[in-house]
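J.: Handing you a structure now.
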Amino acid sequence: MASPAAAANSYEGKLIVSVKFDPERQPLTFDQLLAMIPLRVGQPLRGSDLRDSIQRLYQTGEYADIAVDATLESGGVALKFLTKPAFFIGYVAVDGVPEPPNEGQLLVASKLVLGAAYVPDQTAAAVSRIVDLLKRNGFYSAGIEPATATREATQQVQIDFHADAKQRAKFDGLMVSGNTLRPEESLINSSGWKRFRGWLGWQPMTETRLQSGLDNIRSWYPKHDHLLARVTLVKLDFHPAVNTVTPVLKIDTGPPVLVRLRGAKLSSGQLRSLLPIYEERSIDRDLLEEGSRDLASYFQTQGYFDATSDYRAASPPNGEQLIDYYVNTGVRHKIAKVEVQGNHYFDDATIRERMSVMAATFIRYRRGRYSRPELDRDLDAIRDLYRSNGFRDVVVTSRVLDDYNGATAHIAIFIDITEGPQWFVSKLAFEGVSDDFRAALLLILHSTAGQPYSDLNIANDRDSILDYYFNSGYPQAKFEFMSMPAAEANQMNLTFIVTPGPRVYVRDILVAGLRRTRPDVVRDRISLDPGDPLSQGQINQSQRRLYDLGIFTRVDAAIQNPDGDEPDKYVLYSLEEAGRYSMNVGVGAEIGSIGGGTTSLDSPAGVTGVSPRFSFGISRLNVFGLGHTISLQTLVSTLEQRALLTYVAPQFLGNPKLSWQVSGLFDFSHDIRTFTSLREEGSVQLAQKLSRANTLQYRYTFRDVTLSNLLISPYLVPLLSQPVHVGFFSMSFIRDTRDDPIDSHRGMYTSIDLALASNVFGSQTGFARVVARNSTYYSLTKNLVLARTTDFGMIEQYSGPSPFPLAERFFGGGTFSNRAFPDFQAGPRDPITGFPVGGNALLMNTIELRFPLIGDNLGGVLFNDMGNVYSAVNKISLQFRQPNLQDFDYAVQGFGFGLRYRTPVGPVRVDFSLSPNSPRFYGCEGSINQLIYCDVAGSNVPRTNQRINVFQFHFSLGQAF
Amino acid sequence: MTTWGATCLLLAAGLGTLSAEIIDRIAATAGNQVITESQIDQEIRITAFLNREKLAISADTRKQAASRLIEQALVKREMDLSHYPLPQAGEASAALAGVKANYPNEADFAAALESYGVTEADLTRRLLWQFTLLRFIDYRFRPGIQIPDADVQTYYRQQVSGWEQQGVKPIPSLEDSRDQIEEILTQKRIDQALDQWMSEARTQAAVTYRDATLADRDAGNTGRDAGINK
Chain E
303 MASPAAAANS YEGKLIVSVK FDPERQPLTF DQLLAMIPLR VGQPLRGSDL RDSIQRLYQT
363 GEYADIAVDA TLESGGVALK FLTKPAFFIG YVAVDGVPEP PNEGQLLVAS KLVLGAAYVP
423 DQTAAAVSRI VDLLKRNGFY SAGIEPATAT REATQQVQID FHADAKQRAK FDGLMVSGNT
483 LRPEESLINS SGWKRFRGWL GWQPMTETRL QSGLDNIRSW YPKHDHLLAR VTLVKLDFHP
543 AVNTVTPVLK IDTGPPVLVR LRGAKLSSGQ LRSLLPIYEE RSIDRDLLEE GSRDLASYFQ
603 TQGYFDATSD YRAASPPNGE QLIDYYVNTG VRHKIAKVEV QGNHYFDDAT IRERMSVMAA
663 TFIRYRRGRY SRPELDRDLD AIRDLYRSNG FRDVVVTSRV LDDYNGATAH IAIFIDITEG
723 PQWFVSKLAF EGVSDDFRAA LLLILHSTAG QPYSDLNIAN DRDSILDYYF NSGYPQAKFE
783 FMSMPAAEAN QMNLTFIVTP GPRVYVRDIL VAGLRRTRPD VVRDRISLDP GDPLSQGQIN
843 QSQRRLYDLG IFTRVDAAIQ NPDGDEPDKY VLYSLEEAGR YSMNVGVGAE IGSIGGGTTS
903 LDSPAGVTGV SPRFSFGISR LNVFGLGHTI SLQTLVSTLE QRALLTYVAP QFLGNPKLSW
963 QVSGLFDFSH DIRTFTSLRE EGSVQLAQKL SRANTLQYRY TFRDVTLSNL LISPYLVPLL
1023 SQPVHVGFFS MSFIRDTRDD PIDSHRGMYT SIDLALASNV FGSQTGFARV VARNSTYYSL
1083 TKNLVLARTT DFGMIEQYSG PSPFPLAERF FGGGTFSNRA FPDFQAGPRD PITGFPVGGN
1143 ALLMNTIELR FPLIGDNLGG VLFNDMGNVY SAVNKISLQF RQPNLQDFDY AVQGFGFGLR
1203 YRTPVGPVRV DFSLSPNSPR FYGCEGSINQ LIYCDVAGSN VPRTNQRINV FQFHFSLGQA
1263 F
Chain D
30 MTTWGATCLL LAAGLGTLSA EIIDRIAATA GNQVITESQI DQEIRITAFL NREKLAISAD
90 TRKQAASRLI EQALVKREMD LSHYPLPQAG EASAALAGVK ANYPNEADFA AALESYGVTE
150 ADLTRRLLWQ FTLLRFIDYR FRPGIQIPDA DVQTYYRQQV SGWEQQGVKP IPSLEDSRDQ
210 IEEILTQKRI DQALDQWMSE ARTQAAVTYR DATLADRDAG NTGRDAGINK
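Protein chains in written order, with this note's numbering: chain E, 303 to 1263; chain D, 30 to 259.
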């Protein structure tokens, strides 16, 4: 048979009478295929057109192979494209492996990428790699069975790897060769491969445990002057009969290396952390020089701005290696002044924000912060600031003056800025941009007419334009620009040239991995539909919404055949559902003025006590496959026993802005010292996210509260100890623009809660309640934050029994309120016992100045808390003095200082408060049973004058507000 | 049996009212670039014509041609991605005239082309490709190559030693030879850089062969038969 090329020659120039595709069902429509190739019926056949056709079809990525056959027919040649479709990875899962490794690690090991082209050989290679990973984690007898399913219609291959991991092997010892300098038992103890030093046998083997054991063994040697020690894992001896593993190590301790520091003092720990030879466990010229530089930099940060460092290495005959670092610290300086001059367009604060060089400050940088490289970086940052705002010719220089103003070793740094003219964009023109895109782009571009002209702005605009096009289905969009000086001085004309390339659309959305979840729950969260322009932004947003449901541990999104040139593409979502249940357990303690007992009248303001607490929670995820969660959270402490059952439907009815919640609460608590309450409560809430900052909540609550152990006037006990049913509808508006809710530096938080209780809602008492909070945060400087918050609340009872139920009143004061009080100790008190009885109004105001203290993690706070809980809204008063011992309607002041230590879960907080006008009140001593004898002549229950301690301390997690 | 298989079987058996035959197919791929059977055939013919060799289409010449075409595809892709300017069609005119000069007249030239199964347009494209490759080298590699003076001197000393043994007199001075030596060393470095780049580009582009016999020249790249056998 002739070669294809030779055969082609015999058809060259003949008229094409038909073009067909075999098989008839093709990945693209016949019209799309014909539009793609240059061959036309009625035109003569050209070999080059044939090659181009094959090339273009192949470039779609939809074909694994293409050939063309020709048949002579009357009048010309009939062409038929014989095609074989390509297949793509549509889903990969691995099951049957206890963690570690987790499924993510297993999938990474398989190297099967979602949406990428699939070749059958890949499955065997993936099995091999997964088995290898399992062995590294102790599963030496694991078996993997791959199951592939082909979806012809979507050209997908779905691969499930079913693992039979069997038992994980355990460590059983250690074999070491070489001079280890330590007994084997000591090495084993360092490795951590034994549980509780062997009392509970050997640890199961995992890759992480093996590596950390090796690291622990290695880390001993540098601490004992053998920093060149090599600890090598030679092999892992697996013993199948007993399913154990023995790591075989080779240890070469190398010569002793003595590192000495001359000319300055540092602890050996500091030296080890500064010198890279310890971390790298290697000695070469580069590392020694790097260590020298690091030492000099360290001393420069300590105020020795002229510090230099050098080293000498020697190998004496005794086999040791000696490394001497010589540090010449020079004089210790202080940065007395950093002054910026010549700046007109930007103020000092704007420029200093970009500088790391700074003058000495009290406590934090006692010597200031300066080094020549830091100053150079600052100058560059200032230049960049100006250039990005159109000052193309800006000149920024520095002068460093020692012994400034005659003070020895005081340095002044002057930053001199010559701004030059500011350049502006005179006219911005577009090429290749449609009218509707132009209108949209103008809203997001920086370099529009009248704006400063700068390379940075153009670079940002380039990113914005390309992002816009990519998210509008133009993945091949290209951007260029031209600029020319305009007729006016310091003005530029700009032209943005966009080549959009072909628009790509969504062919369909393919979701895989659902077992329990209803498909419409997922589909409703995906904002793309077939026929939409392919948008990476939409793909990512949908992925985020799916993650936000909280029922998937993995949401992978990909485009099938991402590099292919086909006009529409499948969008893939591969999901892994989370386990059905999650649990949490917590153990802790509350420390504060919480002691005193439930029947003792001795300490109405509490005494310092400790309340241990234990919490347990369990959640059932993805209830009914709807993405809803039902959870039970319980808490047991000496102050409180609580159980909260909630049912949460996030993204209610598929709307990401709505969430729905039903909850039931049982709470038995004594956290307010006046009474013990038994609260049974149910509520239904619909939350609506209006925008990123604004949220509305609508809520109906019904509760039944029974009080006991009331430490109040005996004649009020019968009234206030009756169970009270309260039903109310409430609505909250929350506006939160804080930069960081845990530790805010700027922004505002406002909440307003309005509630109406009525017999219409099943309430025995009718009242209206308003609770509002407004907090603002200002960054005075880079590290100085002024924060303030005001709380206001009022209750107006309009029906139902009097007095107003205790449990519905406002109680305040304490860690998250006015820190002049212990928790819940603000406001009116019982005239006889002195215990707080709550009020119908509250007004609190707090001002805090937050500042850094030492390093980046320890900060301080100066605060003033002011306000109180008042008997009624018309009794709110800002007066300083307490009117009398039975009148608490005045503003209690607390002045204090606090420490904040930054942790990953928020700052740990300690606050000390001094209150010059803390409340005084009458109280009785004795037990509740003796209350009727209080202050009765001849009884041994004396009436006493008491006062809330003027000193209060609070310990908690998180800022006060 | 699949439609595909049935089609192949029917075609292979030569059934049907009029016989159909494969006139082109994918022979190899480099990324999303395709090398077809007809391109390989054409490459062999043009190379034989330019070298004035006897046309021999064998397994070996097919392998060599496939390898050259893959390199072309990789270079063209890189030039496209990096927006390197391509040479104009007219730039090949002088080279074409040089080829024609080897023949007494146009008629002999045309006859020679025909005897190799090559058209003048094919030949012009091939000559243009040579300019494209030169341009690619100039843009991609030449700017990054610097020849240290020490290398020039070392090379000169080696040359001097050779000249002395050959009895060359007078021996040119270093300064007289410098430009020539620098160009020689530059060409060497360009060749090394091109080889290295080509090797990396082949790996990155995942070169595959539909016909396994073509794969021998590319170690590490196994043939991948996609199943069209007619």
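Built from N, CA and C at the ideal position, the CB exists for glycine as well.
Which chain D residues are close to R353 (chain E), counting only those with a beta carbon under 7 Å from its beta carbon?
T.: By 1-based counting over the first sequence, the position of residue 353 (chain E) is 51. Within chain D, the residues near R353 (chain E) are D53, T65, S67, Q68.
J.: Verify the CB distance criterion: does R155 (chain D) have a CB-CB separation below 8 Å to chain E?
T.: As a first step, residue 155 (chain D) must be located in the second sequence, where it is residue number 126. Not one chain E Cβ lies under 8 Å of R155 (chain D).
J.: Taking 8 Å as the cut-off, decide whether the C-beta atoms of L848 (chain E) and R825 (chain E) are in contact.
T.: Indexing the first sequence from 1 puts residue 848 (chain E) at position 546. Indexing the first sequence from 1 puts residue 825 (chain E) at position 523. Cβ distance not < 8 Å, so L848 (chain E) and R825 (chain E) don't count as in contact.
J.: Using a 10 Å radius around the Cβ and a threshold of 16 neighbouring Cβ atoms, would you call R256 (chain E) buried or exposed?
T.: Chain E is shown only over 303 to 1263; residue 256 (chain E) falls outside these bounds and no answer can be derived.
J.: When the Cα atoms are used, what is the spatial distance from E364 (chain E) to G60 (chain D)?
T.: Position 62 of the first sequence, counting from 1, holds the residue named residue 364 (chain E). Position 31 of the second sequence, counting from 1, holds the residue named residue 60 (chain D). E364 (chain E) and G60 (chain D) have their C-alpha atoms some 13 Å from each other.
J.: Apart from the five residues just before and just after A230 (chain D), which ones in its own chain have a Cβ nearer than 6 Å to its Cβ?
T.: Against the second sequence, residue 230 (chain D) aligns to sequence position 201. If the five residues before and after A230 (chain D) are omitted, its C-beta is found closer than 6 Å to the C-beta atoms of L103, all from its own chain and listed in chain order.
J.: Out of curiosity, what's the CA-to-CA distance linking N1085 (chain E) and Y672 (chain E)?
T.: Residue 1085 (chain E) sits at position 783 when you count from the first residue of the first sequence. Residue 672 (chain E) sits at position 370 when you count from the first residue of the first sequence. About 18 Å.
J.: Does F1263 (chain E) come out as helix, strand or coil in the three-state DSSP assignment?
T.: Position 961 of the first sequence, counted from the start, is the residue given in the question as residue 1263 (chain E). Reduced to three states, the DSSP call for F1263 (chain E) is coil.
J.: Name the chain E residues that come within less than 7 Å of G146 (chain D), Cβ to Cβ?
T.: Counting from 1 along the second sequence, the entry for residue 146 (chain D) is found at position 117. Residues of chain E passing the Cβ test: N311.
J.: If you run the structure through DSSP and keep just helix, strand and coil, what is L103 (chain D)?
T.: As a working note, residue 103 (chain D) is residue 74 in the second sequence. In this structure, L103 (chain D) counts as helix in the three-state DSSP scheme.
J.: Assess, as a yes-or-no matter, whether the stretch 742-754 of chain E is touched by the stretch 708-715 of chain E under the definition of 3 or more beta carbon pairs within less than 8 Å.
T.: Taking 8 Å as the limit for Cβ pairs, the verdict is that the stretch 742-754 of chain E does not touch the stretch 708-715 of chain E.
J.: From the DSSP output, in three-state form, read off I579 (chain E) for me.
T.: As a position in the first sequence, residue 579 (chain E) is number 277, starting the count at 1. Note: I579 (chain E) maps to helix in three-state DSSP.
J.: Does the count of Cβ pairs from the stretch 1112-1122 of chain E and the stretch 1214-1221 of chain E closer than 8 Å reach three?
T.: yes
J.: Run through the stretch 511-584 of chain E for me and flag every whole alpha helix (DSSP H) of 4 or more residues, listed as ranges in chain order.
T.: 570-576, 578-582
J.: For chain E, find out if any of its Cβ atoms is closer than 8 Å to the Cβ of R239 (chain D); answer yes or no.
T.: Here residue 239 (chain D) corresponds to residue number 210 of the second sequence, with the count starting at 1. Answer yes: the Cβ-Cβ gap between R239 (chain D) and chain E drops below 8 Å somewhere.
J.: With a CB to CB cut of under 8 Å and the five nearest residues on each side skipped, what residues in its chain are close to G173 (chain D)?
T.: By 1-based counting over the second sequence, the position of residue 173 (chain D) is 144. Cβ neighbours of G173 (chain D) beyond the five flanking positions: A222.
J.: To which residues does DSSP link E82 (chain D) through a beta bridge?
T.: Along the second sequence, read from residue 1 onward, the residue named residue 82 (chain D) stands at position 53. In the DSSP output, where bridge partners are listed per residue, E82 (chain D) has none listed.
J.: Is the separation between the beta-carbon of G1162 (chain E) and that of F1126 (chain E) shorter than 8 Å?
T.: Against the first sequence, residue 1162 (chain E) aligns to sequence position 860. Against the first sequence, residue 1126 (chain E) aligns to sequence position 824. No. Outside cutoff.
J.: Out of E:Y360, E:G475, E:L1145, E:K552, which one is the CA nearest neighbour of S1179 (chain E)?
T.: The count along the first sequence starts at 1 and reaches residue 1179 (chain E) at position 877. For the set E:Y360, E:G475, E:L1145, E:K552, the Cα lying nearest the Cα of S1179 (chain E) is the one of E:L1145.
J.: Report back the beta-carbon spacing between P340 (chain E) and D333 (chain E) to the nearest angstrom; my notes put them in contact at under 8 Å.
T.: What you label residue 340 (chain E) is simply residue 38 of the first sequence in a count that begins at 1. What you label residue 333 (chain E) is simply residue 31 of the first sequence in a count that begins at 1. Not confirmed; about 15 Å, so no contact.
J.: I'd like to know if the stretch 972-992 of chain E and the stretch 940-959 of chain E are in contact, where contact means that at least 3 CB-CB pairs between them fall below 8 Å.
T.: yes
J.: Run through DSSP, which three-state label would A248 (chain D) get?
T.: Indexing the second sequence from 1 puts residue 248 (chain D) at position 219. Low confidence applies to A248 (chain D): its pLDDT is 39, below 50, so where it sits in the model is not reliable enough to give any reading.
J.: With a 10 Å radius around its C-beta and 16 neighbouring C-beta atoms as the bar for buried, classify V1087 (chain E) as buried or exposed.
T.: Locating residue 1087 (chain E) in the first sequence gives position 785, counting from the first residue. So V1087 (chain E) ends up on the buried side.
J.: Using a Cβ cut-off of 7 Å, which residues of the stretch 118-146 of chain D contact any Cβ in chain E, in chain order?
T.: G146
J.: Tell me whether the stretch 450-470 of chain E and the stretch 419-431 of chain E touch, counting them as touching only if at least three CB pairs, one residue from each stretch, are closer than 8 Å.
T.: yes
J.: Taking the beta strand (DSSP E) that N996 (chain E) belongs to, which residues open and close that run?
T.: Within the first sequence, residue 996 (chain E) is the residue found at index 694, counting from 1. For N996 (chain E), the enclosing beta strand (DSSP E) covers residues 996-1010.
J.: Which chain D residues are close to Y360 (chain E), counting only those with a beta carbon under 9 Å from its beta carbon?
T.: As a working mapping, residue 360 (chain E) is identified with position 58 in the first sequence. Neighbours of Y360 (chain E) on chain D, chain order: I55, T58, N61, Q62, V63.
J.: 8 Å is my cut-off, CB to CB: does A372 (chain E) come that close to chain D?
T.: Against the first sequence, residue 372 (chain E) aligns to sequence position 70. Output row for A372 (chain E): interface = yes.
J.: Which value, in whole angstroms, describes the spacing of the CA atoms of I1289 (chain E) and S756 (chain E)?
T.: Here chain E covers residues 303 to 1263 and nothing more, so residue 1289 (chain E) does not appear.
J.: Look up V1072 (chain E) in the DSSP assignment and say whether it is helix, strand or coil.
T.: In the first sequence, the residue the question calls residue 1072 (chain E) occupies position 770. DSSP places V1072 (chain E) in strand when its eight states are reduced to three.
J.: Compute the Euclidean distance between the alpha carbons of F954 (chain E) and S493 (chain E), then round it to the nearest angstrom.
T.: Reading the first sequence from its first residue, position 652 is the one you call residue 954 (chain E). Reading the first sequence from its first residue, position 191 is the one you call residue 493 (chain E). Approximately 51 Å between the Cα atoms of the pair.
J.: Hey, how far is the Cα of D1006 (chain E) from the Cα of L903 (chain E)?
T.: Working through the first sequence from its first residue, we reach residue 1006 (chain E) at position 704. Working through the first sequence from its first residue, we reach residue 903 (chain E) at position 601. Their backbone Cα atoms lie some 27 Å apart in a straight line.
J.: Taking 8 Å as the cut-off, decide whether the C-beta atoms of T1283 (chain E) and E1227 (chain E) are in contact.
T.: Any property of residue 1283 (chain E) remains undetermined from this structure, which presents chain E solely from 303 to 1263.
J.: Can you pull the DSSP bridge partners for L946 (chain E)?
T.: The count along the first sequence starts at 1 and reaches residue 946 (chain E) at position 644. Paired residues: E:Q935, E:L967.
J.: On the three-pair Cβ rule with 8 Å, is the stretch 474-485 of chain E touching the stretch 543-559 of chain E?
T.: yes
J.: What does the alpha-carbon distance come out to for the pair L590 (chain E) and A616 (chain E)?
T.: Your numbering for residue 590 (chain E) matches position 288 in the first sequence. Your numbering for residue 616 (chain E) matches position 314 in the first sequence. Taking the Cα positions, L590 (chain E) is about 12 Å away from A616 (chain E).
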